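For reference, the structure discussed in these notes is given below.
Numbering (our numbering), first residue to last: 5 to 130.
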């Protein structure tokens, strides 16, 4: 009986041999860092995940800090987004039932007079 010899395999082409260069990412407009603040006892990390998942296409968010009372986010919108449209988009996110009672404020705001966006409904404690 002849010895068993593994068959010779032809080298496979790599993706770099076949792939076209990736297009550059679209330009984005960076927004100020905002704080996602909610009702007492509600987890900010969970609210931040929900908020990020609801962002419109082309938007980006980076969670920069999270503690027991707020999540700090740096947001980016597509570069052509006018400020009024960006504000409306963020208000629409906070109208989602998963974010009832949450609001976006500027992190250095001492009170709610500087609230960037407010929720559509009253806080429900959740």
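The beta carbon of each residue, even a glycine, is placed where N, CA and C say it ideally should be. Values in this document were obtained by computation on a predicted structure and should not be read as measured data.
Per the Cβ contact rule, the stretch 60-79 is in contact with the stretch 35-48 (3 or more Cβ pairs under 8 Å). With respect to the 8 Å criterion, residue 83 and residue 52 are not classified as neighbours on the basis of their beta carbons. Burial is judged here by how many other beta carbons sit within 10 angstroms of a residue's own beta carbon; residue 85 has at least 16 and is buried. Taking the Cα of residue 45 as reference, the smallest distance to any Cα among 91, 55 and 105 is reached at 105.
In this chain, the beta strand (DSSP E) harbouring residue 82 covers 74-82. Note on geometry: alpha-carbon atoms of residue 58 and residue 97 lie some 6 Å from one another. Sixteen is the threshold: when 16 or more other Cβ atoms of the shown chains lie within 10 Å of the Cβ of residue 109, as they do, the residue is buried. If you compare the alpha carbons of 64, 67, 56 and 88 with that of residue 102, the shortest gap goes to 56. Around the beta carbon of residue 35, a 10 Å sphere encloses 16 or more other beta carbons of the protein chains shown; the residue is thus reported as buried.
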